[in-house]
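Notes follow the structure.
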Amino acid sequence: MIQPIVKARDLQKHYPVKSGFLKPSQNLRALAGVSFDLYAGQTLAVVGESGCGKSTLARLLAMIEEPTSGRLSIDGVDLTEVNNKSLSKGLRQKVQMVFQDPFGSLNPRHKIGDILQEPLVINTGLNASERRQKALEMMSLVGLREEHFQRYPHMFSGGQRQRIAIARALILKPKVVVLDEPVSALDVSIQAQVINLLIELQQELSLAYVFISHDLSVVRHIADEVLVMYLGRPVEHSSKEVLFSNPQHPYTQALLSATPQVATQRDRQRIKLKGEMPSPIDPPSGCVFNPRCQYANQDCLTTPPVMELYNESRVACWALKQRRIGDEKLAN
Amino acid sequence: MKNPTVVSKSLRVQQWREFWFYFSASKTAVAGLIFLIGVVLMALFADVISPHEPAEQYRQFAKVPPAWKDGGQIQFLLGTDYAGRDMWSRIIHGSRLSLLAGCVVVVLSLSIGVLLGLVAGYRGGWLDSLIMRVMDTIMAVPGLLMALVFVAILGPGLLNAMVAIAITYTPSFVRLTRASTLTELNRDYVTASKMAGARPMRLMFISILPNCMAPLIVQGTLSFSTAILDTAALGFLGMGAQAPMPEWGTLIAENRDLMLSAPWTVTFPGIAILLAVLAINLVGDGLRDALDPKLKRS
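Here the protein sequences line up with chains A and B, keeping their order. For the record, in the first sequence the residue sitting at position 181 is 829 according to this note's numbering, with numbers rising by one throughout. For the record, in the second sequence the residue sitting at position 38 is 88 according to this note's numbering, with numbers rising by one throughout.
This is the structure:
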């Protein structure tokens with residue numbers, strides 16, 4: 649049995665929010681219980697609208713922040729049990745991250761060579777010429793030329809900068825790369841290049857990707873599994889094929905129907921969600937999706953649903969469990 | 051393929067060109083820079099330029115007016131003071147002390163201010179509050195008064211005056227550095243360095259500090275001129291450079307009694323202070339225009 653590289657169990661992250669002078673601070677539940685396994689060479693895409701906790705999940709996985717509760721283990725080591733100094737340095741090297749904004753993620757005062765060598769300076773005992781050699785190798789791997797070594801970030805386009813960011817993330821030979829919307833700041837034509845580069849690198853180095861995105865057409869291209877989140881909670885988790893061909897959760901269905909498509913053969917019914925996402929400080933009782941769900945009934949208002957398997961998908965939904973929508977879908 | 055070092059050299063040249071393009075757009079800044087270079091050269095070659103020793107007393111030539119006035123002598127271009135010392139030579143040598151005061155004050159307050167500001171912004175919490183409240187306290191007292199208090203404690207003298215003035219200037223540097231540190235701290239490139247395992251020292255000085263430099267350079271230049279001004283003021287009050295030293299403020303102070311009978315003895319040191327401060331301020335304004343990306347025209 650192959651061990652998963654990343655194993656997350658009921659991850660939670662709460663932020664205290666001051667509500668006013670002399671009032672008790674409230675809890676913002678940015679992440680309210682996420683579980684998944686991720687294997688080497690696989691891509692888990694995390695999708696959802698803004699504010700659903702995608703980026704918080706990314707920051708937890710990248711060890712920038714610590715979970716409030718829950719267990720997270722990387723490569724068989726439980727992070728919650730590791731004492732901070734000794735092991736975490738080795739663990740840190742196993743997870744690296746590529747950020748959304750390639751204009752903010754590279755230090756404007758450092759040359760590309762210095763940016764790429766920084767992880768090596770901190771973590772390895774290599775000498776200057778060995779470091780330079782490694783940085784140049786990494787640059788050619790992501791399609792940058794040797795003369796870029798001495799240039800500053802502002803002299804590059806967005807796509808090139810994202811390549812630099814990817815090279816920096818890979819230079820310590822990590823096992824997991826967290827990609828926090830790595831292409832959403834790029835032109836569509838460049839997006840494809842970067843995505844294809846990521847796929848090539850994944851095959852070459854057997855990396856595990858956690859791909860955070862709100863763009864379902866990009867997810868369709870790169871993901872193996874998809875985790876749909878809503879208000880800090882997972883609502884549906886399934887393989888890419890199942891999710892795109894047969895979405896189960898009403899929220900996933902709405903999300904998919906909102907993806908723009910060229911020349912649809914048949915008229916699709918667009919599901920329009922009403923209202924806004926509720927505040928994570930004061931979430932609705934029961935299923936958090938109930939204020940916007942057309943299938944909501946009394947159970948949805950009182951008891952939160954749990955993830956269960958329906959039609960090859962793990963879904964948290966009362967309407968499915970009570971066969972209020974599943975059958976209708978099968979009948980079609 | 052081009053040699054990378056050649057590329058980087060031409061890059062630096064290109065950056066300097068760009069900087070000069072924006073700086074030279076302001077004619078006054080260039081004029082200020084030229085005058086400032088003149089003052090620096092004057093200070094460097096004071097021994098060569100000055101016609102007399104600054105402390106040499108020509109007793110028979112006391113209170114000689116400037117050369118172009120009646121009774122003036124060509125060997126004493128700007129006249130002499132009560133003891134027969136050549137004003138022109140004393141002003142030339144005084145430029146050394148003024149520039150020294152400016153440099154020492156800026157270096158001291160800048161380095162202390164940057165250090166405290168970085169720590170306050172990076173660490174946050176109680177340490178931040180402590181540092182910032184101390185700085186607020188220093189700022190609450192008028193600068194010159196504060197400097198006077200410190201000199202009263204340390205004792206009069208040029209060095210003590212410089213230290214005292216440096217202390218009063220530190221808060222502005224702390225605030226500037228802290229503010230830029232706070233904005234830079236949340237940038238992704240800092241997070242990326244953290245993820246690579248960078249320690250606080252590396253984050254503060256290698257990742258963050260270079261990105262906070264532009265406002266600090268401008269503030270440093272402007273502080274340079276006020277430092278000269280404040281050193282002169284302390285000298286005038288008898289708390290800075292002491293009597294035989296040809297410091298500009300001290301020159302005015304020691305000839306204060308002659309203000310009506312021999313006005314040139316106070317006028318020319320005053321003009322020297324005025325021009326030096328004006329020139330540095332003009333350069334500072336030009337620097338701000340050139341370094342502030344928000345003011346750049348594309």
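All C-beta atoms, glycine included, are put in the ideal place defined by N, C-alpha and C.
For residue i: DSSP bridge partner residues
i	result
A/Asp723	A/Asp723 is not bridged to any residue.
B/Glu304	Answer by DSSP bridge pairing: none, since B/Glu304 is not bridged.
B/Thr130	B/Asp136
A/Met745	A/Val826
A/Lys655	A/Asp685 and A/Ser721
A/Glu884	A/Val876 and A/Val963
Where residue i falls: helix, strand or coil (DSSP)
i	result
A/Phe937	coil
B/Phe95	coil
A/Asp828	strand
B/Lys119	coil
B/Arg252	helix
A/His662	strand
A/Val790	coil
A/Glu956	strand
A/Tyr800	coil
A/Ala856	strand
A/Asp835	coil
B/His102	coil
A/Asn844	helix
B/Arg62	helix
B/Asp339	helix
B/Leu332	helix
B/Ser145	helix
A/Ser927	coil
A/Gln942	coil
B/Lys52	Confidence in B/Lys52 is poor, its pLDDT being 44 and thus under 50, which makes the residue's placement unreliable; the coordinate value appears in the next sentence. B/Lys52: coil per DSSP, three-state reduction.
A/Phe669	coil
A/Asn980	Any reading at A/Asn980 is ruled out, since the residue's pLDDT is 40, under 50, leaving its predicted position unreliable.
A/Lys969	helix
B/Ser311	coil
B/Ser193	With the sequence shown as reference, residue 193 of chain B is identified as Gly, and Ser is not the correct amino acid for it. In the structure shown, B/Gly193 sits in a helix (DSSP, three-state: H, G or I).
B/Thr78	helix
A/Arg757	coil
A/Arg779	helix
B/Val114	coil
A/Thr716	coil
N-terminal and C-terminal residue of the beta strand (DSSP E) that residue i is part of
i	result
A/Leu875	Glu873 to Tyr878
A/Arg681	A small fix is needed here, since residue 681 of chain A is Gly in this sequence, not Arg. Note, A/Gly681: beta strand (DSSP E), Gln674 to Leu686.
A/Thr691	Thr691 to Val695
B/Glu297	It is not in any beta strand (DSSP E) - B/Glu297 carries neither H nor E in the DSSP assignment.
Span of the alpha helix (DSSP H), counted from its first residue to its last, around residue i
i	result
B/Arg188	For the record, residue 188 of chain B in the displayed sequence is Ile; it is not Arg. Looking at the DSSP string, the run of the alpha helix (DSSP H) that includes B/Ile188 is Gly175 to Ala190.
A/Asp863	It is not in any alpha helix (DSSP H) - A/Asp863 carries neither H nor E in the DSSP assignment.
A/Gln896	Where A/Gln896 is concerned, there is no enclosing alpha helix (DSSP H), given that its DSSP letter is neither H nor E.
B/Thr48	There is simply no residue 48 of chain B to check, as chain B begins at 51 and stops at 348 in what is shown.
A/Gln946	Gln946 to Thr950
A/Glu766	Ile760 to Asn771
B/Tyr239	Asp238 to Met245
B/Ile269	The identity of residue 269 of chain B in the sequence shown is Gln, whereas the question assumes Ile. Taken as a continuous stretch (DSSP letters only), the alpha helix (DSSP H) holding B/Gln269 covers Met263 to Phe286.
A/Lys702	Lys702 to Leu709
A/Gln808	Gly806 to Leu818
Is the number of C-beta pairs between the stretch 126-137 of chain B and the stretch 152-165 of chain B that are closer than 8 Å three or more? The answer is no - the stretch 152-165 of chain B does not touch the stretch 126-137 of chain B, with fewer than three Cβ pairs under 8 Å.
The stretch 829-849 of chain A in contact with the stretch 766-784 of chain A per 3-pair CB rule at 8 Å: no
Residues of the stretch 203-234 of chain B whose Cβ lies closer than 7 Å to any Cβ of chain A, in chain order: none
Does the count of Cβ pairs from the stretch 695-710 of chain A and the stretch 671-680 of chain A closer than 8 Å reach three? yes
Where the stretch 236-251 of chain B meets chain A: residues whose CB sits under 9 Å from a CB there: If the cut-off is 9 Å between Cβ atoms, the stretch 236-251 of chain B has Arg237, Asp238, Tyr239, Val240, Thr241, Ala242, Ser243, Lys244, Met245, Ala246, Gly247, Ala248 and Arg249 near chain A.
Give, in chain order, every residue of the stretch 800-816 of chain A whose Cβ lies closer than 8 Å to some Cβ of chain B. Tyr800, Ala813 and Arg816
Could you tell me whether the stretch 950-960 of chain A touches the stretch 688-708 of chain A, where touching means 3 or more Cβ pairs closer than 8 Å? no
Which residues, in chain order, does the stretch 649-680 of chain A contribute to contact with chain B at a C-beta distance below 9 Å? none
Note down, in chain order, all residues in the stretch 750-776 of chain A with a beta-carbon under 7 Å from any beta-carbon belonging to chain B. Gly752, Ser753, Leu754, Asn755, Pro756, Arg757, Glu766, Pro767, Ile770 and Asn771
With 7 Å as the limit, tell me which residues of the stretch 254-271 of chain B have their beta carbon closer than that to any beta carbon of chain A; keep them in chain order. Ser257, Pro260 and Asn261
Quick check: the stretch 815-830 of chain A against the stretch 852-868 of chain A, are there 3 or more CB pairs under 8 Å? yes
Spell out a yes or no on whether the stretch 130-143 of chain B and the stretch 299-315 of chain B are touching, meaning 3 or more CB-CB pairs, one atom from each, closer than 8 Å. yes
Looking at C-beta atoms only, is the number of pairs between the stretch 194-213 of chain B and the stretch 267-274 of chain B that lie closer than 8 Å three or more? In short, these stretches do not touch, since the Cβ pair count stays below three.
According to a CB-to-CB cut-off of less than 9 Å, which residues of the stretch 839-871 of chain A neighbour chain B? none
Is the number of C-beta pairs between the stretch 269-278 of chain B and the stretch 318-331 of chain B that are closer than 8 Å three or more? Flag = yes, the stretch 269-278 of chain B and the stretch 318-331 of chain B touch.
For the stretch 682-715 of chain A, list every residue whose C-beta sits within 8 Å of some C-beta in chain B, in sequence order. Ala710, Met711 and Ile712
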